[in-house]
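Take a look at the structure set out below.
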Amino acid sequence: MAGIYIHIPFCKKLCFYCDFYHVITSEQNSVFVEALLKETELRKDYLEDETVSTIYIGGGTPSVFSIKELSDILNEINKFFSVEENCEITIELNPDDVNQNYMEGLKKLNINRISLGVQSWRDPDLKMLNRRHNSEQAAAALSEVFNAGFNNVTIDLIYGIPGMTVKEWSSNLDIAFSFDIKHLSAYHLTIEPGTVFGKMLEKGHFTEIDENESNAQFNTLIEKAESAGFIHYEISNFGKPGYFSKHNSNYWKQINYLGLGPSAHSFNGYSRQWNIRNLNGYIKAINSGKSFFEKEELDAKARFNEYIMTSLRTMWGIDLEYIETTFEKEGYDYVVNLSGKFKNYGLMKQEKNSLILTNQGKMISDNIISEFMMPSED
Ligand code: SF4
1216 MAGIYIHIPF CKKLCFYCDF YHVITSEQNS VFVEALLKET ELRKDYLEDE TVSTIYIGGG
1276 TPSVFSIKEL SDILNEINKF FSVEENCEIT IELNPDDVNQ NYMEGLKKLN INRISLGVQS
1336 WRDPDLKMLN RRHNSEQAAA ALSEVFNAGF NNVTIDLIYG IPGMTVKEWS SNLDIAFSFD
1396 IKHLSAYHLT IEPGTVFGKM LEKGHFTEID ENESNAQFNT LIEKAESAGF IHYEISNFGK
1456 PGYFSKHNSN YWKQINYLGL GPSAHSFNGY SRQWNIRNLN GYIKAINSGK SFFEKEELDA
1516 KARFNEYIMT SLRTMWGIDL EYIETTFEKE GYDYVVNLSG KFKNYGLMKQ EKNSLILTNQ
1576 GKMISDNIIS EFMMPSED
């Protein structure tokens, strides 16, 4: 069982918070698709004989691609990999790309999970983030998705936006839950260096919301999502029973995956590799037979850190039995000893053989995770 991620790097407009690899152009689609098809063939042995149980088309904005372009990509994957019959196939869509014809086309490609980038139901937030859609378009797009017969639907929302109050965030969530969505990914706005917001912050032209407000919005998110029947299965992800993202859950469970396209990451248990984060560089390298990725072999410490980083973010937490079998007594003692203080502070709890973050712990998950990281020897 393995996953494939495909990175479509094109966008029509720059969102001010965006740190994903993307280019604002629509002129290189066909040369890019050609390179992507070549990469698919070149990497046909990466997953060895594993069956592909999830495919995730992300970006960038995959919905800038025509049905024909998406069809060519999926056909190539089917040609070189053994894809499970009921494979979860997700595509990310921007609301203003959605229309009846497009959705019908996606259905014919056997895409069965839709991820719609709503981000907020408030126009002032969407303007501030420099999104290209408005809330009316988002609502119309969501209805169109359901009308086309898609049932497994997730949306993205962003909280912690300057100017957004807890009350406004709460009503954003009410609107989201008034639709029959099965999954929600909710991310706190983070300001990354190099983004438009990052540059504004450097110049003192951007003020982040304070910690109390952040925590209040996170608590509101958990309370409202849980009372709407969603399970909080990962820090930023909530799903109705049976509708967790299989693709992302596989990342968190250390299942192998292949990433295709510029900046895409791959993992096979022992090494991690990442493609060139530059569209022209990627196309040139693929077409000239040169190396198009960097690779890191993972030693035991790196694998330990990788496991902690992903597992601690989930409701399944750190599996102590797995730690003991995989990282032996040294790894087990290290985790158990370190967990003591977090348990005393009420930030972590032990359920049977698993160490799990409490809601309070989730608020400072990054700090707790970094304390668990084993320093490398060099
Ligand atoms: S649509 Fe997504 S990838 Fe493109 S600029 Fe906006 S956030 Fe970034």
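Convert by adding 1215 to the 1-based position in the sequence shown; the result is the number in the numbering used here. For every residue, glycine included, the Cβ atom is placed at its ideal position computed from N, Cα and C. Computed from a prediction, not measured in an experiment: that's the story for all the values here.
Closest to E1319 by C-alpha separation, out of D1287, F1365 and M1530, would be which residue?
Proximity to E1319 across D1287, F1365 and M1530 peaks at F1365, based on C-alpha coordinates.
Whole runs of the beta strand (DSSP E) within the stretch 1255-1294, excluding any shorter than 3 residues:
Listed in chain order, the complete beta strand (DSSP E) runs (minimum 3 residues) inside the stretch 1255-1294 are 1267-1274.
On the DSSP bridge list, what partners appear for R1337?
Bridge partners of R1337: none, in fact.
Going by the C-beta, is F1231 closer than 6 Å to any heavy atom of ligand 1?
Checking the Cβ of F1231 against ligand 1 gives no.
With 16 as the cutoff for other CB atoms within 10 Å, does Y1236 come out buried or exposed?
By the neighbour-count rule (16 or more Cβ atoms within 10 Å), Y1236 is buried.
I1376 to W1384, Cα distance in whole Å?
Their Cα atoms are separated by approximately 9 Å.
Opening and closing residue of the beta strand (DSSP E) in which S1400 lies:
For S1400, the enclosing beta strand (DSSP E) has its first and last residue at H1398 to H1403.
Sheet register partners of S1330 (DSSP bridge):
According to DSSP, which records beta bridges pairwise, S1330 is partnered with E1307 and T1369.
Apart from the five residues just before and just after F1542, which ones in its own chain have a Cβ nearer than 7 Å to its Cβ?
Correct list, in chain order: A1515 and F1519.
Hey, quick one: how far does the alpha helix (DSSP H) through M1563 stretch, first residue to last?
Run containing M1563: none in the alpha helix (DSSP H); it sits in the beta strand (DSSP E), M1563 to E1566.
Can you tell me whether E1256 is buried or exposed, with buried defined as 16 or more other CB within 10 angstroms of its CB?
With fewer than 16 Cβ atoms within 10 Å of its Cβ, E1256 is classed as exposed.
With a CB to CB cut of under 8 Å and the five nearest residues on each side skipped, what residues in its chain are close to P1339?
Beyond the five residues adjoining it in sequence on each side, P1339 comes within less than 8 Å, by CB distance, of G1378 in the same chain, given in chain order.
Is the number of C-beta pairs between the stretch 1264-1278 and the stretch 1289-1305 that are closer than 8 Å three or more?
Taking 8 Å as the limit for Cβ pairs, the verdict is that the stretch 1289-1305 does touch the stretch 1264-1278.
Of the residues S1268, E1509 and Q1565, the one placed nearest L1535, counting alpha carbons only
Distances from the alpha-carbon of L1535 to those of S1268, E1509 and Q1565 put Q1565 closest.
Any chance the CB of G1275 is under 6 Å from a heavy atom of ligand 1?
The answer is yes for G1275.
Any heavy atom of ligand 1 inside 6 Å of the beta-carbon of H1237?
At least one heavy atom of ligand 1 falls within 6 Å of the beta-carbon of H1237.
Inter-stretch contact (C-beta, 8 Å, three-pair minimum) for the stretch 1239-1255 and the stretch 1495-1514
Enough Cβ pairs lie closer than 8 Å, so yes.
Confirm the yes/no value for this check: CB of C1226, any heavy atom of ligand 1, distance under 6 Å.
Yes.
In three-state terms, what does DSSP make of A1391?
If DSSP states are grouped into helix, strand and coil, A1391 belongs with the helices.
Mind the definition here: the stretch 1578-1590 touches the stretch 1435-1443 only if three or more C-beta pairs lie below 8 Å; say whether that holds.
No, the stretch 1578-1590 does not touch the stretch 1435-1443.
DSSP three-state label for V1550, please.
DSSP places V1550 in helix when its eight states are reduced to three.
Take C1302 and list the residues in its own chain whose beta-carbon comes closer than 7 Å to its own, dropping the five residues that flank it on each side.
Counting only Cβ-Cβ distances below 7 Å, and skipping sequence neighbours, we find V1267, S1268, T1269 and I1270.
May I have the straight-line CA-CA distance separating E1232 from V1411, to the nearest angstrom?
The residue you asked about is not Glu; residue 1232 is Tyr in the sequence shown. Spanning the two alpha carbons is a distance of roughly 6 Å.
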